[in-house]
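Notes follow the structure.
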Amino acid sequence: MVKHKFNSEDPVIVLYVELEGKIKVRPKMALDTGATYTMIPWEIAEALGLKPELSKEKVDIITASGVEKAPLVILTSVSVLGKRVSNVKAVIHDLPPKSYVDGLLGLSFLKKFNINLNFKEGVLEIE
Numbered sequence: 625m626v627k628h629k630f631n632s633e634d635p636v637i638v639l640y641v642e643l644e645g646k647i648k649v650r651p652k653m654a655l656d657t658g659a660t661y662t663m664i665p666w667e668i669a670e671a672l673g674l675k676p677e678l679s680k681e682k683v684d685i686i687t688a689s690g691v692e693k694a695p696l697v698i699l700t701s702v703s704v705l706g707k708r709v710s711n712v713k714a715v716i717h718d719l720p721p722k723s724y725v726d727g728l729l730g731l732s733f734l735k736k737f738n739i740n741l742n743f744k745e746g747v748l749e750i751e
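Residue numbers (our numbering): 625 to 751.
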């Protein structure tokens, strides 16, 4: 079991996530149990060697401006706190410029594990 301390007063739980593709990148992502998919921005998708504009699969996402279609791709691997998952579905969409994070770590990764959030102690456990 891996434990991660977080400040329960912060607006989001932030994790550095390793994404592997053509290169490895470590964006800052928000843990989001309400997101069906992990979400990464276009710039990171392109750095990983993905071609989101060619994706045949699109999903509806709800944004502040309404519902938008976004490409769905497969990430080679996603690693968080020493836990790695291959072939993770991810939506490609840019978050607003003033976001705390680069992307969202959603259920397409999280559902592979038991996740325990202890807000009183500020501890996230992944097993």
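Note that the Cβ used here is the ideal one computed from N, Cα and C, for glycine as well.
>> Need the endpoints of the beta strand (DSSP E) that Ile685 sits in, please.
In response: Counted as a single uninterrupted DSSP element, the beta strand (DSSP E) harbouring Ile685 occupies residues 682-687.
> Are the stretch 679-697 and the stretch 734-744 touching by the rule of at least three beta carbon pairs closer than 8 Å?
Replying inline: no
> Pro623 by DSSP, collapsed to three states: which one?
Replying inline: For the chain, the structure presents residues 625 to 751; residue 623 sits outside this window and is missing.
> What does a CB cutoff of less than 7 Å around Glu751 pick up in its chain, not counting 5 residues either side in sequence?
Replying inline: Met625, Phe737, Asn738
>> Let me make sure I understand the geometry here. Which of Asn631, Lys646, Gly645 has the alpha-carbon closest to that of Leu639?
In response: Asn631
> How many Å lie between Ser689 and Val636 at the Cα?
Replying inline: Rounded to whole angstroms, Ser689 and Val636 show a C-alpha spacing of 21 Å.
> Looking at C-alpha atoms only, which residue of Lys735, Gly727, Gly746 is the closest neighbour of Ile668?
Replying inline: Gly727
>> If the criterion is Cβ atoms closer than 8 Å, does the pair Ala714 and Met663 meet it?
In response: In terms of Cβ geometry, Ala714 and Met663 form a close pair [threshold 8 Å].
> So, is Leu643 buried or exposed, given that buried needs 16 or more other C-beta atoms within 10 angstroms?
Replying inline: Looking at its Cβ environment, which holds 16 or more other Cβ atoms inside 10 Å, Leu643 is buried.
>> The beta strand (DSSP E) that contains Ser732, what's its start and end?
In response: Looking at the DSSP string, Ser732 is not in any beta strand (DSSP E); the run it does join, the alpha helix (DSSP H), is 731-734.
> Under the three-state reduction of DSSP, which class applies to Ala659: helix, strand or coil?
Replying inline: coil
> Assuming Val702 contacts Lys629 under a Cβ cut-off of 8 Å, what Cβ separation, rounded to an integer in Å, is found between them?
Replying inline: About 21 Å separates the two Cβ atoms, so there is no contact after all.
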